[in-house]
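Numbered per my numbering, the sequence shown spans residues 223 to 518.
For every residue, glycine included, the Cβ atom is placed at its ideal position computed from N, Cα and C.
Small disclaimer: the values here were computed from a predicted structure and weren't measured.
Just below is one structure, and these are the notes that go with it.
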Amino acid sequence: MKKVFLLSTDHLENGLWFRDLEDFKVAMNYVAILAAQTPEVIVLAFILMSNHVHFLLKGKEEDVTAFVERFKARYSLYYRRKYGVRELLRRNHVDTQEIPTGYNGKADEKEAFEKAVAYVQMNCVAANICAHPSQYAWGTGATFFNPSPHGGIPLSNLSARARMRLFRSDSVDLPEDWRVCEGGYILPSEYVDIKTVEDCFRSPQRMDFFLRNSSKAKKRIQGDQNLPAFRDQTILAAVPDLCFSLFGRVSFSELTASEQAEFARQIRYRFSADPNQIARVCGISYEQAAHLLDSF
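In structure tokens form, the structure reads like this:
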């Protein structure tokens with residue numbers, strides 16, 4: 223019997239899943255490919271964050287687990303080829319929770335499903351990346367109750383070479399009418415079960431209510447709203463230049479202990495980064511980042 227599951231990977235403490243826009247686009251297309259290749263699994267919602275991902279999937283537990291593991295394996299291979307990093311996600315644990323659906327008419331179970339959708343959607347807001355999920359491209363943030371969905375172009379309009387660039391393979395078989403957005407990835411609306419999600423919420427107003435009242439929304443409200451937020455990728459791109467301008471070296475690993483402490487302080491001052499973000503962009507543990515900041 224198919225059930226709904228929320229699958230969440232552990233946060234990478236000292237690194238990033240996605241270092242630049244290309245990484246996000248590749249991962250978005252991998253989700254689309256797996257959705258097409260795995261019809262026994264229904265994608266309800268998902269989000270790709272800098273150092274973790276969330277999927278809300280419907281299917282047998284072994285099938286949804288295999289879906290996420292295949293995604294991790296495929297993306298890890300791409301990451302290894304691009305950055306030379308081996309086994310990025312081999313030990314990255316996936317937490318799996320069964321989510322009641324409310325199909326039996328029980329209001330509390332229906333709300334559990336709605337809360338799960340809101341939890342996934344609001345990750346980007348909780349991270350201070352955007353003010354509303356619809357502004358975040360890497361997932362289903364703009365997929366539901368969207369009166370002006372992105373048009374895109376059908377795959378049938380693309381040449382074989384263009385498809386090769388898009389999917390990094392010449393053996394990907396997807397429906398010809400699936401659309402590619404201007405950003406260079408298959409639109410989630412082509413493979414996400416929008417109807418099930420919208421039928422559950424019934425209206426955009428009800429969805430917005432759950433978004434505003436999700437645990438992720440409360441996390442943002444409780445945070446310091448006066449600090450500007452920068453994406454991990456923005457800071458990561460600035461690291462080599464900042465290292466060179468301050469110390470004449472191009473990577474954090476080349477710095478002495480005292481220089482690393484000063485660099486961490488500069489990252490915090492220039493980008494309002496907290497120890498968690500400093501750890502991710504510098505490739506160190508939270509404890510190391512906190513120690514560097516405490517050195518001053």
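When only Cα atoms are considered, GLU320 and PHE268 end up about 15 Å apart. Distance from GLN510 to ASP454 at the Cβ level is roughly 17 Å; contact not present, criterion being Cβ atoms closer than 8 Å. In the DSSP annotation of this structure, VAL316 is not part of any alpha helix (DSSP H); the continuous beta strand (DSSP E) holding it starts and ends at 316 to 321.
If you keep only unbroken alpha helix (DSSP H) runs of at least 4 residues inside the segment 409 to 495, you get 416 to 423, 426 to 434, 437 to 444, 454 to 469 and 479 to 493. In the displayed model, ILE264 falls within a strand according to three-state DSSP. A check of alpha carbon separations from ASP245 across THR323, VAL265 and ALA359 identifies ALA359 as the nearest. One alpha carbon belongs to MET250, the other to ILE408, and they sit about 7 Å apart. ARG385 and VAL342 have their C-alpha atoms some 30 Å from each other.
With respect to the 8 Å criterion, LEU256 and ASP415 are not classified as neighbours on the basis of their beta carbons. The secondary-structure analysis by DSSP pairs THR231 across a beta bridge with VAL316. CA-CA distance, SER298 to LEU238, rounds to 12 Å.
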